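Numbering (our numbering), first residue to last: 2 to 274.
For glycine and all other residues, C-beta sits at the position ideal for the given N, C-alpha and C.
Treat the numbers as computed from the prediction; the structure is a model and nothing was measured.
Notes for the one structure printed next.
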Amino acid sequence: MNTSRKPLDPAILQTALVDNGPYNQLNYQEATGSTNADLIKAAEIGAPDWTIATVERQDSGRGRLGRPWTAPQGAQVIFSVLFRPGKDSLDSLGTIPLASGLAMMDTLESFGVEGAGLKWPNDVLIHGKKLCGILVEAASLDTDPAVVIGIGTNISLQQEELPVPHATSLALEGKDIDRNEFLIRMLNNLYGRLLEWAGGNSAGDSKGNSAWLDDYRAVCSSLGQDVRVILPGDRELLGVATGIAAGGQLIVRDNQGTEHTLNAGEVTHLRLQ
Ligand code: BT5
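Have a look at this one:
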């Protein structure tokens with residue numbers, strides 16, 4: 002077996018993340034359908050805030066808009082986190098994916114991974130290829146909102162194992178990284194960025210700007226790029242990405258000079274970085 006595909010060690014994870022760390026619960030299984038689906042169900046029956054679900058393999062891993070997310074057993078770090086951000090946070094939930102992507106960038110930087118950037122809102126690309134996928138779903142939007150943040154990172158996939166040609170893995174980028182260590186660092190960074198996110202919602206300036214969003218802007222490789230954006234309803238917008246608004250929206254100036262502030266859209270960078 003490829004050594005980096007050894008199963009995760011739940012005892013190490015439990016000690017680092019729960020007993021000596023900020024999380025409340027760790028659910029480890031060899032396989033499941035989708036860790037996001039599992040935690041959404043768990044949230045409905047009262048699972049605690051800061052519960053982690055992690056597995057070696059997903060059989061129906063999901064991306065956005067019903068797209069599939071796949072990888073061979075043990076070749077990724079796959080996890081979801083249940084986060085209950087509090088009742089005053091409903092208006093800010095849309096920026097959780099950005100804070101989560103930033104935590105991934107922190108983690109990659111700590112391992113010395115070069116060439117990574119965040120395509121708005123939260124695709125981590127290395128030299129234009131997708132390293133990880135982030136899916137934030139609402140488990141409940143009532144008086145006690147609960148969100149599930151799910152992330153799959155390609156650790157040891159080889160070229161012939163990539164599910165799509167525009168994917169990459171840390172192994173293919175020349176980094177042999179221990180999956181336990183990756184998961185521990187990533188979950189600590191995610192916890193830290195989510196606390197900053199929560200603090201920023203109350204402590205930002207009068208326009209809602211906060212320090213973590215400046216960190217996001219610094220690693221967002223969409224900024225300054227010529228982009229094509231497929232907007233909801235399949236409309237296409239061509240222009241230059243000029244900024245990230247205080248609410249996390251992407252600002253695109255079209256070829257006529259009009260600025261558009263986008264809440265959603267599928268961005269393509271027209272020049273490879
Ligand atoms: C995403 O969707 O990128 C979000 C993926 C989230 C996966 C995590 S794993 C833990 C948790 N549990 C779940 O069930 N999901 C979350 P999207 O932007 O829609 O990208 C999906 C597209 O990425 C697919 O249509 C493929 O083109 C491509 N893709 C699938 N598997 C991939 C992989 N391993 N690496 C790179 N690209 C992949």
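Can you grab the Cα-Cα spacing for the pair residue i / residue j, in whole Å?
{"i": "V149", "j": "A72", "result": "20 Å"}
{"i": "S61", "j": "G258", "result": "43 Å"}
{"i": "M2", "j": "D10", "result": "Residue placement at M2 cannot be trusted, given a pLDDT of 47 that sits under 50; what the coordinates show is reported in the next sentence. Whole-angstrom Cα-Cα distance: 16 Å."}
{"i": "A168", "j": "G134", "result": "10 Å"}
{"i": "E31", "j": "R58", "result": "7 Å"}
{"i": "Y29", "j": "L239", "result": "44 Å"}
{"i": "R180", "j": "M187", "result": "10 Å"}
{"i": "S283", "j": "E161", "result": "Residue 283 falls outside the range modelled here, since the chain spans only 2 to 274, and no answer is possible."}
{"i": "A242", "j": "K131", "result": "20 Å"}
{"i": "V253", "j": "H270", "result": "12 Å"}
{"i": "S35", "j": "R63", "result": "7 Å"}
{"i": "K88", "j": "Y24", "result": "20 Å"}
{"i": "T262", "j": "W121", "result": "13 Å"}
So, are the CB atoms of residue i and residue j less than 8 Å apart?
{"i": "E267", "j": "V230", "result": "yes"}
{"i": "T55", "j": "L40", "result": "no"}
{"i": "V220", "j": "L136", "result": "no"}
{"i": "N190", "j": "D107", "result": "yes"}
{"i": "F80", "j": "I178", "result": "no"}
{"i": "G244", "j": "L214", "result": "no"}
{"i": "S157", "j": "S170", "result": "yes"}
{"i": "L83", "j": "A139", "result": "no"}
{"i": "R272", "j": "D227", "result": "yes"}
{"i": "A44", "j": "A147", "result": "yes"}
{"i": "G116", "j": "P8", "result": "no"}
{"i": "D143", "j": "R85", "result": "no"}
{"i": "V114", "j": "E174", "result": "yes"}
{"i": "L14", "j": "L232", "result": "no"}
If you follow the alpha helix (DSSP H) that residue i is part of, which residue opens it and which one closes it?
{"i": "V220", "result": "212 to 220"}
{"i": "I13", "result": "11 to 14"}
{"i": "I41", "result": "36 to 45"}
Can you tell me whether DSSP reads residue i as helix, strand or coil?
{"i": "Y29", "result": "strand"}
{"i": "D227", "result": "strand"}
{"i": "D20", "result": "helix"}
{"i": "G102", "result": "helix"}
{"i": "L251", "result": "strand"}
{"i": "Q77", "result": "strand"}
{"i": "G155", "result": "According to the sequence provided, residue 155 is Asn. The question's Gly does not apply to it. N155: strand per DSSP, three-state reduction."}
{"i": "F112", "result": "coil"}
{"i": "T169", "result": "coil"}
{"i": "A72", "result": "coil"}
{"i": "K88", "result": "helix"}
{"i": "A199", "result": "helix"}
{"i": "R63", "result": "strand"}
{"i": "I185", "result": "helix"}
{"i": "E174", "result": "coil"}
{"i": "M2", "result": "Annotation note: pLDDT 47 at M2 (below 50); position unreliable, coordinate value reported separately. Note: M2 maps to coil in three-state DSSP."}
{"i": "L119", "result": "strand"}
So residue i is in the beta strand (DSSP E); what residue range does that whole segment cover?
{"i": "T262", "result": "260 to 263"}
{"i": "K7", "result": "Segment: none, K7 is in no beta strand (DSSP E) and carries neither H nor E."}
{"i": "F237", "result": "In the sequence as displayed, the identity of residue 237 is Glu instead of Phe. 236 to 245 is the span of the beta strand (DSSP E), which, as asked, contains E237."}
{"i": "R58", "result": "52 to 59"}
(message) Closer than 8 Å is the cut-off here; do at least three beta carbon pairs connect the region 187 to 202 with the region 84 to 100?
(response) At 8 Å Cβ cutoff, the stretches touch.
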